[in-house]
Each structure stands twice: as structure tokens, then as C-alpha cells.
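Residue numbers (the working numbering): 1 to 238.
Here it is as C-alpha cells:
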């Protein structure tokens, strides 16, 4: 079973098939933004499984960070809220742990349905997307929210160590070809790149050399959530 990541599906007059892509061993590598590659440390990911489910150990290592205790039953057994999304509204919720040098984090992520429609030739042309939210607590507090724009590309905001950042999908591979699904994401501050993560294949992470250790742990926890992300279904039912 391939690991899959968010990209929207299109519906005409309410009919939709959601396309969410995955990376396997032959997955294309994303184009790493130049200012990310030159100013960051690349973090190697090991032991990341391409499978998921109750019988699969989804733990993996991300350089000095260890992702543990992945549980994909969050919204079926919880009444809590993350980044403004309640468990009753969430789809495909999951939790995980992350061990860092300065402490342990508990991460929670989920999808929620976003619907948009516009008039078209006397009818309605609609889009449905699974937007994504993640929250990390414990050693610190961090969160992200990703929403599809009008082109169905994902953009949003992230909070780490009380600093606000933008986060957006990367849709170009290292050969210059475009992808309909995000190959990874980059996090940027007002004046510089902060971090990036490649979610296809085994995955890769880049963390800015200027990030202090605590902020690195926050971003690593949020990236672990994106590396574990799977859409709740291949089709969104009305």
C-alpha cells in the first residue's frame, strides 16, 4: 500500500474523485528551493515504512528525532479539538510521539472537508479538498494548517516557538516537471527559508542552520505529521 499525501479532486455537478498521490521507491524527488538547500542541514530519514495499518509499525527515525507510537484512531475515540477542528468534524485523524533532545512531543493530525463551488455554464462547478491540520504539544507547542487555494495547491500557516511562518506545497520535481500532488512542503519566515520536507519515497528533511534547537524540534514534529499523512478515503461522499 502506498503512502499518500494531500491534493484535491474536482467535481462537476457534484461528482468527484479525490486524487491523492504517494511516493514509492521510484518516486520523483522534489526540487529543493535553492535558499533551503544552501542554508540548511539535510536530515536523513530511515526505517520509514511504505505501509500503514493496525499491524504495521510506522515508527521511523529522522536524524536525531525518533517518531513513535503512531495511532490512526484519534477522531474515532476522542472528543478534543486541534487547530479549530473538532474530532467530530475530522477525518482520518492520527496521533504519534516524537522524541527530541529537549523533550518528547505528542503530535495529532487530521483532515477536514472543505467545499467550494462556482457557477459554470448554467450549472455548478465544485471542488472538494481535504485540508490538513497538525498540532504538537509536550516539549513545546506548535501547529500547522494547510488549505487548498483556487488552483488546488496547498498553502497555510505554521507556528513554532511562538514564531509564525508560511507553509506551502512544492509541486515541481528536480527535473523541472510539474506534479498534480505535493512532493513536499517548505516553511518560510518573513525574510528567509526555515525548513522543507520531501514526503515522497523515504522522505527527506531540511532544517535551517539558523533555527535554534527548540524550534528545530517543533518543526520536526510538524514534519513528522506530514510524513505520516494519509487521506481518509479515495472518494469524498456528500
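All C-beta atoms, glycine included, are put in the ideal place defined by N, C-alpha and C.
Could you tell me how far apart the beta carbons of residue 140 and residue 93 are, in whole angstroms, since I believe they sit closer than 8 Å? Indexing the chain shown from 1 puts residue 140 at position 140. Indexing the chain shown from 1 puts residue 93 at position 93. Going by Cβ atoms, the distance from residue 140 to residue 93 rounds to 21 Å, so no, they are not a contact pair.
C-beta contact flag for residue 106 and residue 137 at 8 Å: For the purposes of this step, residue 106 is taken as residue 106 along the chain shown, with counting starting at 1. For the purposes of this step, residue 137 is taken as residue 137 along the chain shown, with counting starting at 1. Going by C-beta atoms, residue 106 is nearer than 8 Å to residue 137.
Pull up the DSSP beta-bridge partners for residue 131, would you. Position 131 of the chain shown, counted from the start, is the residue given in the question as residue 131. DSSP output for residue 131 lists 112 as bridge partner(s).
Distance, residue 190 Cα to residue 111 Cα: Looking up residue 111 in the chain shown gives position 111. Looking up residue 190 in the chain shown gives position 190. If I take the Cα positions, the gap works out to 27 Å.
For my contact list, residue 167 and residue 151 are in at a C-beta cut-off of 8 Å; report their separation, rounded to the angstrom. Taking the first residue of the chain shown as position 1, residue 167 is located at position 167. Taking the first residue of the chain shown as position 1, residue 151 is located at position 151. Not a contact, Cβ separation roughly 16 Å.
Inter-stretch contact (C-beta, 8 Å, three-pair minimum) for the segment 175 to 184 and the segment 36 to 48: no
Do residue 165 and residue 188 count as a contact pair if the criterion is CB distance below 8 Å? Indexing the chain shown from 1 puts residue 188 at position 188. Indexing the chain shown from 1 puts residue 165 at position 165. Cβ atoms of residue 188 and residue 165: closer than 8 Å.
Leaving out five residues before and five after residue 225 in sequence, what residues of the same chain have Cβ atoms less than 6 Å from its Cβ? Position 225 of the chain shown, counted from the first residue, corresponds to residue 225. These residues qualify, in order along the chain: 107, 109, 134.
Based on the DSSP output, what are the partners of residue 210 in its beta bridges? Here residue 210 is taken as the residue at index 210 of the chain shown, counted from 1. Its beta-bridge partners do not exist; DSSP assigns none.
On the premise that residue 97 lies in contact with residue 68, defined as a C-beta separation below 8 Å, what is that separation, rounded to the nearest angstrom? Your numbering for residue 68 matches position 68 in the chain shown. Your numbering for residue 97 matches position 97 in the chain shown. About 4 Å; that satisfies the 8 Å criterion.
By a C-beta neighbour count over all protein chains shown, 10 Å radius and 16 as the cutoff for buried, is residue 103 buried or exposed? Counting from 1 along the chain shown, the entry for residue 103 is found at position 103. Around the beta carbon of residue 103, fewer than 16 other beta carbons lie within 10 angstroms, which makes this residue exposed.
Could you check whether the segment 196 to 212 touches the segment 44 to 59, counting it as contact only if at least three pairs of C-beta atoms, one from each stretch, sit closer than 8 Å? yes
Return the first residue and the last residue of the alpha helix (DSSP H) that residue 39 is part of. Walking along the chain shown from the start, residue 39 turns up at place 39. Residue 39 -> alpha helix (DSSP H) spans 34 to 39.
Which value, in whole angstroms, describes the spacing of the CA atoms of residue 195 and residue 58? As a first step, residue 195 is located in the chain shown; it is residue number 195 there, counting from the start. As a first step, residue 58 is located in the chain shown; it is residue number 58 there, counting from the start. Straight-line measurement puts the Cα of residue 58 at about 23 Å from the Cα of residue 195.
Thinking just about the alpha-carbon of each residue, which of 230, 28, 222, 229 is nearest to the one in residue 65? Within the chain shown, numbered from 1, the residue matching residue 65 stands at position 65. The option with the nearest alpha carbon to residue 65 is 222.
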